[in-house]
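> After the structure tokens below, expect a handful of questions from me.
There are 6 protein chains.
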Amino acid sequence: MTVETKPTTTIRFHRILLTGAAGGVGTQLRPRLKAYCDVLRVSDVVESLPAAGEGEERFVVNLADKAAVFKMVEGCDTILHLGGVSVEKTWEEILQGNIVGLVNLYEAARQYGVKRIIFASSNHVVGFYRQDQVINSRDPPKPDGFYGLSKAFGEDLAQLYWDKHGIETVSVRIGSIFPKPTDRRMLATWMSYDDAERLFMAAMTAPLVGHSIIFGMSDNKTVFWDNTNAKHIGYRPKDSSDVFRDEVEAKFQKLDLNDVATRYQGAAFTRTGPFFQDDGLGGKKA
Amino acid sequence: MTVETKPTTTIRFHRILLTGAAGGVGTQLRPRLKAYCDVLRVSDVVESLPAAGEGEERFVVNLADKAAVFKMVEGCDTILHLGGVSVEKTWEEILQGNIVGLVNLYEAARQYGVKRIIFASSNHVVGFYRQDQVINSRDPPKPDGFYGLSKAFGEDLAQLYWDKHGIETVSVRIGSIFPKPTDRRMLATWMSYDDAERLFMAAMTAPLVGHSIIFGMSDNKTVFWDNTNAKHIGYRPKDSSDVFRDEVEAKFQKLDLNDVATRYQGAAFTRTGPFFQDDGLGGKKA
Amino acid sequence: MTVETKPTTTIRFHRILLTGAAGGVGTQLRPRLKAYCDVLRVSDVVESLPAAGEGEERFVVNLADKAAVFKMVEGCDTILHLGGVSVEKTWEEILQGNIVGLVNLYEAARQYGVKRIIFASSNHVVGFYRQDQVINSRDPPKPDGFYGLSKAFGEDLAQLYWDKHGIETVSVRIGSIFPKPTDRRMLATWMSYDDAERLFMAAMTAPLVGHSIIFGMSDNKTVFWDNTNAKHIGYRPKDSSDVFRDEVEAKFQKLDLNDVATRYQGAAFTRTGPFFQDDGLGGKKA
Amino acid sequence: MTVETKPTTTIRFHRILLTGAAGGVGTQLRPRLKAYCDVLRVSDVVESLPAAGEGEERFVVNLADKAAVFKMVEGCDTILHLGGVSVEKTWEEILQGNIVGLVNLYEAARQYGVKRIIFASSNHVVGFYRQDQVINSRDPPKPDGFYGLSKAFGEDLAQLYWDKHGIETVSVRIGSIFPKPTDRRMLATWMSYDDAERLFMAAMTAPLVGHSIIFGMSDNKTVFWDNTNAKHIGYRPKDSSDVFRDEVEAKFQKLDLNDVATRYQGAAFTRTGPFFQDDGLGGKKA
Amino acid sequence: MTVETKPTTTIRFHRILLTGAAGGVGTQLRPRLKAYCDVLRVSDVVESLPAAGEGEERFVVNLADKAAVFKMVEGCDTILHLGGVSVEKTWEEILQGNIVGLVNLYEAARQYGVKRIIFASSNHVVGFYRQDQVINSRDPPKPDGFYGLSKAFGEDLAQLYWDKHGIETVSVRIGSIFPKPTDRRMLATWMSYDDAERLFMAAMTAPLVGHSIIFGMSDNKTVFWDNTNAKHIGYRPKDSSDVFRDEVEAKFQKLDLNDVATRYQGAAFTRTGPFFQDDGLGGKKA
Amino acid sequence: MTVETKPTTTIRFHRILLTGAAGGVGTQLRPRLKAYCDVLRVSDVVESLPAAGEGEERFVVNLADKAAVFKMVEGCDTILHLGGVSVEKTWEEILQGNIVGLVNLYEAARQYGVKRIIFASSNHVVGFYRQDQVINSRDPPKPDGFYGLSKAFGEDLAQLYWDKHGIETVSVRIGSIFPKPTDRRMLATWMSYDDAERLFMAAMTAPLVGHSIIFGMSDNKTVFWDNTNAKHIGYRPKDSSDVFRDEVEAKFQKLDLNDVATRYQGAAFTRTGPFFQDDGLGGKKA
């Protein structure tokens, strides 16, 4: 994979840790991050994580394995944490990957003196706001499932580690990082890979961030989120979902306003779905 | 134990579940709750939980045991959840009692059709606000440790179960429920047992609460928290820490402003304390 | 009818106009207002309006009759406007009584130099806020029917006459003025006759009100509305719905949360009800 | 009239109703709307409304005539309502066109199942804010005359029909839609015809709008209004009043700050003007 | 002068400095403060300052005299600063007493290690808010003259010394401390001597205040100011202007709304008055 | 010095007064201002102020000299006040230049009928906000030294002269006007000379400003300040610090987060520095 955009900053790190490097976003970010560091350490839970290239180190790590996480974190200057579960799953999976795993990561960061973490939070932290509302980072969480709940937990954890231990975090409430928007809602939530690189690098290099929350989106015409509170980070998107508008609207001319997926920002995640099943332990719901 | 205050409402339930019934607050609330229900089911993790009296049912349950939690919840109309860990502890203890255990409780409530839960949250959700700030329930969380973090998780979970499943919760950010305030900060955070009863019963019987957050304190002269957002619950305290002011101030005439315990609302919980130790896995902190 | 409370102020007017004097609230206020003026002019649309007593003048007036309204207003120092339609009705009735009639009243006030009007607005201006929300006077209107809509119109009209013509208004968003609360919601919205007198007289005599909006309620324990913005008016209630709580709760132990009348502040007014019928002009709703 | 801009969206409707089609804005919008629908139904109160072209239907309708309004609405998918009175007039004219007429329109929409209305509201809803204030859509109304008052009524009506009947509205507080700005204030309030098309079509096609309020202006350098709350609609202006700045400023170098038309956003509408005359019914103003 | 109220706190200081001790408020506070300290140091600019009693030290000091101020401050634990000019005066007098003098005081406090100052600020910091507005301590200053301006300066100075040097201040925006309210506005602004003592001692003894701003008023029915932000100080008034309402209203039945003294919170201070005279240096005002 | 940008407005004044004309910013603005007036009066305290060119008048004035200030102001239409002390200095210097001098200026403006002043305030009014906070003009002042304190005083003075005397001011909280940004913080605070001209002229010619506060910065990617409240002024920057980003970041790759100069917006001004020394008058700090 070749990367054609030029680096968005000249600031360099010795070693950056990229978790979730085998995922959709991680795969895209991996070659880009090389421009900003001497050593790129990549990790993921899956063995399919491609082998280490030049200037790379490769770790296959289950985040719930504390000792492994500590080894993975040792010696890193900063962390771009895309790892863990990135969609709605069973509570048990979410618990291990996004709660137990995240505490392991922050504890390792604290004990090894890592100064800043870029945390891939999610718009699903606020998925139960309506699509006709424009919200900002101080509006209270309204998670739309176990996944969103785990990301709300992550943000609170980040706040704690800043207030108590002085470790900085930028929590990026990622909208939809994909090659292009594929439904009406993504016209608001889409972020291009280039803009993602811009945002993550701005977050990594801004002089002071404490714990800051920013919504990850491109310069879209349709907007659910007001990033005024995060302007100190210096992220300015250059792409827009609007070049895909006609294509998307052609496919979804009509929407059902009574479908919660049309009504709420979290879309299909707000459906009760398969992860809240009766599990045989309980009886009949009254 | 006899209770002398008269019931604060005539509304009655068939079966109330009181968790954490062997704790300091639970022990006080147990005899009071009998006035409001036909059957009081009490539970705790410890075997020292006193035997069931007339009109009582007794369950010894580890909240992390999902099947046991389901049995405990079955047949209850409403739950006053004081159970779980109620002070700062190791992450592992907090995780089991307050995160895994709470999901078990809400899942049981969802599957058995329990309509409302009164959740003992804590002021430690916002422990890193300063003592010269007056905050309200919409100000973002600033937890002061694993305990406060788990309570922030609980509030977000409650919000999710309301938005997604229609189960109501009143999250009570309890200040300090003790026989009397014993330090300067408690002049702000203290709540008498009688006021606790008033608050819990108001929360249990208010017509509509969705997910509401209320700070649990008596009518103290010194105040950290603005409960305007929670006035629909109908809680009006009758006691005040001020009758103990002279006694408390006599013991603590001088405070050290440079001690985080004086500076922050969470007091001693904001100290880095014993629960954030290097654990041998890591190396030296840079 | 005798009045036993002592006047709440010693400020006196020469002539007060009380409209809607034959209604439930007007009938109660009529003897009380005598204490504050030389001449009390009472009016209503119905002939059953009791005859003028000593120090009284009686007008039977349809508010939609502009000339009659002008005669009614001539010579008055101030107006307590309870007149017009006070419940949900057909649009045509609301239009005549509360929109056409109100413009007539303000035009008469402007042309005759009346300086201040106390306008009986209604909580139904904000009836579509939920009962678990505490709102204040700056939150945008959410009327629950034609009646609430007409009262929102009245408040905007009052604002216009203040900004443009210097005529002051206190818009009182009346909750429920009745002998006692008779359902669960009224525990929040109830205002006693004595408190109504206190509020109306405070509004009439406060030095400067411009256009102020205040929610009309007693000192109830359960509260939907935050009157902080209106504290300059100097209204302090002395009664509380709480003395009737047991009686009310005994009758309404269980509520249906899925009934909009339980969910919204406007209660039964939020139902689609009989005033939004298909009227034969239209066809079938798609 | 030919239209040279390309359509701003590919979403199409079967039948759009454009009211006020003979007015200044309506005349401009009429040919543009054809690109978005199979049938364009145009209506106005004046007989001078040009004849129906291909793909058009023509209705001459007085909005106060309920039966005529119902016929006009039948069969339409959506409505762009520019009709009614669009400047300050006598109360009687405003009443019939903008209050009685608007209720007729919404009742017809409700009974015929029209899902969304774009309502031409006006900046005169907030005309009494000062020109050195930047306001947003949640600031309370301060109408500057009967016209602005009727538009405030319309917004509240729209809110009601959304909350109660699920009919969506975008209320567009139109600034000044003209070929070019012709005075200093219009440098802030001007909206080009192209931007008007962009705004109306964005409002018509956004997935979910509930009842949203947006200020209608181009991308002007001078701004009175903050549209953050309306960013979900996806309107992004491309024109700017600034290309006309020199021309305008040359004509109005000096302004009288003591003129209410300079001081308030509503400009000349805030003058007491000819529509608040003594009408012979009343006596002398005190 | 004897004092009959019992001390409001048992916390004692070794040496309190009371400046402005010969003024109206200072004279009342002087005997009361003795209950809270071993040594009461009193100071004023006038020689008429009564002689030192037992446990007192007496300093006649011009605040503009830096060396004298340093001597006055040496050895004090805390300062209740009522000194300086307390009404509207010429700029030159205000400058010396309230600006130069205040910097001298804070510099002395900084260099001698005084930890907390209670600063007599004034409602005239916000005198140009209207009497129909209820404001809080975060609303921007709108001073009504040189006096109010100097108090705004003092508050900013206090903020600076907290942020930069860690010296705490409670800025008390005093309403009207007099034996009783003597005009209509004072029904809102009045504070009794007893409540003043309660407020000053609460401010002096609260555990942490940083720089806090509180409005100084009794528990009046009519209110201009919302003290929610200052509830951590623990001030709860027991007196009310309302016992004087009839007496006051009898004297001022009618007010002129066009008089700025009726319209603005600062009352007569908002008049242009004698302290903004043309001074012969300038020419004619255009 | 030649100026190559074209005038930003065609509005012209007869005589503009530019104070501080010999300073860094003044020297740049001087030739630019000529395009907007018949006569440019320049002043400074230093004799090195270059001689008057064609269409210029030159005044050497100490702002603390009231008579001289009056002569300087006579006959001017508007004032761009860059004069006084523009960095942290001793209190005595700040006092004379920025407090005494500013009152002289406003008194002269009042007595000679000058209608509007553009006041060079400073970001040091809010220097103690953190660099990870985005603030707006209504957030309370947190000055970082005597200099910032004097600018806070100036803003309050400007508010007073607007509320009381109708003299308008735009207070420009200038970030960093230099040829280019030279450290990391300036990437947020930098304003180009061209943008400075745009801002000052917009402020001078906007129809109504009352007292408005605006932050002076270019269109930088990194932002500390939200200028939404000032959009009525019509300032739109065209330059950006970002073209210098690589150059700046190369020099300052690593920052010390524990240095207050990194943590706070006021940077080095927040250090206690040389202007808060013990001065021999006092004793040892406790």
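Chains as they are written, first to last, in this note's numbering: chain A, 1 to 286; chain B, 287 to 572; chain C, 573 to 858; chain D, 859 to 1144; chain E, 1145 to 1430; chain F, 1431 to 1716. Ideal Cβ placement from N, Cα and C applies to all residues, glycine included. Quick caveat, the model's predicted, so the values are computed rather than measured.
Is it true that the CB of leucine 1590/F sits closer than 9 Å to the CB of proline 1287/E?
yes
> Specify, as a first and last residue, the run of the beta strand (DSSP E) that histidine 497/B falls within.
Where histidine 497/B is concerned, the enclosing beta strand (DSSP E) stretches over 497 to 502.
> Decide if isoleucine 666/C is buried, meaning its Cβ has at least 16 other Cβ atoms within 10 Å, or exposed.
buried
> Bridge partners for alanine 1550/F per DSSP, in chain order?
Val1602/F
> Tell me serine 901/D's beta-bridge partners as DSSP assigns them.
Answer is Phe917/D, bridged to serine 901/D.
> Pick out whichever of Gln1123/D, Glu1055/D, Thr1063/D, Tyr1093/D has its Cα sitting closest to the Cα of glycine 1033/D.
Here the closest residue by C-alpha is Gln1123/D.
> Identify the residues that DSSP records as bridge partners of aspartate 846/D: which are they?
Lying outside 859 to 1144, the shown extent of chain D, residue 846/D is not represented and no answer is given.
> Could you list which residues in chain D have their beta carbon closer than 8 Å to that of alanine 261/A, in chain order?
Within chain D, no residue comes near alanine 261/A; the closest Cβ sits about 10 Å away, beyond 8 Å.
> Just how far apart, CA to CA, sit glutamate 679/C and alanine 1126/D?
Spanning the two alpha carbons is a distance of roughly 21 Å.
> Grouping DSSP H, G and I as helix and E and B as strand, with all else coil, what is arginine 1056/D?
helix
> Could you check the C-alpha separation between glutamate 1198/E and histidine 1158/E for me, to the nearest Å?
14 Å
> Where does the unbroken beta strand (DSSP E) through arginine 15/A begin, and where does it stop?
Per DSSP, arginine 15/A belongs to the beta strand (DSSP E) from 13 to 19.
> If you drop the 5 nearest sequence neighbours on each side, which residues of the same chain put their C-beta closer than 6 Å to that of tyrosine 1051/D?
For tyrosine 1051/D, same chain residues with a beta-carbon under 6 Å away, outside a window of 5 residues either side, are Gln886 in chain order.
> Could you tell me whether the Cβ of aspartate 1435/E comes closer than 9 Å to any Cβ of chain C?
With chain E represented from 1145 up to 1430, any question about residue 1435/E goes unanswered, as that position is not in the structure.
> With DSSP run on the structure shown, which of helix, strand or coil describes isoleucine 1035/D?
strand
> For lysine 1233/E, does the count of other Cβ atoms within 10 angstroms reach 16, so buried, or fall short, so exposed?
buried
> Hey, how far is the Cα of serine 457/B from the Cα of isoleucine 404/B?
Rounded to whole angstroms, the gap between the alpha carbons of serine 457/B and isoleucine 404/B is 6 Å.
> Determine the extent of the beta strand (DSSP E) in which leucine 652/C is found, giving its start and end residues.
650 to 653
> What are the start and end residues of the alpha helix (DSSP H) that includes serine 150/A?
146 to 165
> Looking at chain E, is there any beta carbon in it that lies within less than 9 Å of the beta carbon of valine 1491/F?
Taking Cβ atoms only, chain E never reaches closer than 9 Å to valine 1491/F, which makes this a no.
> Work out the CA separation of alanine 68/A and lysine 571/B for me, nearest whole Å.
Any reading at lysine 571/B must be qualified, since the residue scores a pLDDT of 44, below 50, and its modelled position is unreliable; no value is offered.
> Report the three-state DSSP secondary structure of aspartate 528/B (helix, strand or coil).
helix
> Could you spell out the range, first to last residue, of the alpha helix (DSSP H) harbouring threonine 1406/E?
Following the DSSP letters along the chain, one finds threonine 1406/E inside the alpha helix (DSSP H) bounded by residues 1404 to 1407.
> Going by CA-CA distance only, name the one from Thr1440/F, Glu1627/F, Val1530/F that's closest to proline 1461/F.
Glu1627/F
> Can you say whether lysine 578/C is buried or exposed, counting buried as having 16 or more other CB atoms within 10 angstroms of its CB?
Classification of lysine 578/C: exposed, given that the 10 Å Cβ count is below 16.
> Which residues bound the alpha helix (DSSP H) around tyrosine 1180/E?
Per DSSP, tyrosine 1180/E belongs to no alpha helix (DSSP H) and is neither H nor E.
> Report the rounded CA-to-CA distance for threonine 1152/E versus alanine 536/B, giving the unit in angstroms.
13 Å
> Report whether the distance from the Cβ of valine 983/D to the nearest heavy atom of the ligand SAM is below 8 Å.
The ligand SAM is not among the ligands present in this structure, which contains no ligands whatsoever.
> What residue from Leu1301/E, Gly1360/E, Ala1179/E, Glu1312/E has the CA that sits closest to proline 1381/E's CA?
Gly1360/E
> Shorter than 9 Å from the beta carbon of phenylalanine 1290/E to some beta carbon of chain C?
no
> How would you list, in chain order, the residues of chain C whose beta-carbon sits under 9 Å from the beta-carbon of arginine 996/D?
Arg710, Asp711, Pro712
> Counting contacts by CB-CB distance shorter than 9 Å, is alanine 516/B in contact with chain A?
no
> Among residues of its own chain, excluding the 5 on either side of isoleucine 1441/F, which ones have a beta-carbon nearer than 6 Å to its beta-carbon?
Thr1635
> Using a Cβ-Cβ cut-off of 9 Å, state whether isoleucine 583/C counts as contacting chain E.
yes
> Establish whether the CB of valine 900/D and some CB of chain C are separated by less than 9 Å.
no
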